Amino acid sequence: MHKFAEVHPMDKMKANYEVMLGLAAEMLLDEAMIRFRKEKIYAAIDNALESGDKEGFEKLAAQWNTLQR
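Sequential numbering of the sequence shown, starting at 15, is according to my numbering.
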């Protein structure tokens, strides 16, 4: 019979830490991407309002509302 290699508790903690660190990095990146998109859409909404582009404004407003959820 083969004995399964025992996993040291510190190895488990290190693996858990790495997973949590990866998740935190992913969440941070997602938030940065959403913030960037919001800034771009907000600027485009301003431009649409200034130029009187009602259709563009409505499209951009719908995108903005989707990001707000």
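A virtual CB, placed ideally from N, CA and C, is assigned to each residue, including glycine.
Owing to the predicted nature of the structure, the values given are computational and were not obtained by experimental measurement.
Check: Rounded straight-line distance, which links the Cα of ALA57 to that of LEU74; Outcome: 10 Å
Check: Under the three-state DSSP convention, the category GLU20 falls into; Outcome: coil
Check: Under 8 Å between C-beta atoms of PHE71 and LEU63; Outcome: yes
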